[in-house]
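To keep things clear, I will list the structure first and then write my remarks on it.
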Amino acid sequence: MNHIIKPIVLMGFMGSGKSTLGSRLAAKLDMPFTDLDRRIESAAGKTIPEIFGELGESAFRELESEALIRVFHEPIQVIAIGGGAPCREDHISLIKEQSVSVYLKISVDALFNRLWKQSPGRPLIAGKNPEEL
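Heads up, the sequence shown is in the numbering used here, so the first residue is 186 and it goes up one at a time.
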């Protein structure tokens, strides 16, 4: 039995490993795991690239806000949030008040290599050349 009394929120740059580490941490702690991007996709019935392409980034950010608020009303869990989620003041305030947050730091070189391989599935960087990335 663990003695964790607040959700654990993993944050960091896109591609920093939040989802991978989050699922492993949740299993180790015997806690539920939520990937906020997957939650958004499920609620919208669309993939993240489809949401960005069809509805735009502002609509995605609204869905993200709704999902973040909802997840804090659920049982304590490990939560991986999208790389842009903490950029909004209301999000970071909520995260600070309601959870223990962990920032995943990754070197620029490692991040570049990961993102370059994953760029087609990431709408904010899809189609970018190495200099733009």
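We put the CB at the ideal spot given by N, CA and C, even for glycine.
If only complete runs of 3 or more residues are kept, the region 223–276 shows the beta strand (DSSP E) at 263–265, in order along the chain. Ranked by Cα distance from valine 263, the options Asn187, Ile190, Met216 are led by Met216. Take the alpha-carbon of histidine 258 and the one of serine 292: they are about 34 angstroms apart. A buried status is given to alanine 265, since no fewer than 16 other beta-carbon atoms sit within 10 Å of its beta-carbon. Excluding residues up to 5 positions away in sequence, Ile225, Ile233, Ile236, Phe237 lie with their Cβ nearer than 8 angstroms to the Cβ of phenylalanine 245 in the same chain. The C-beta distance from valine 194 to serine 286 rounds to 5 angstroms, short enough to fall under 8 angstroms.
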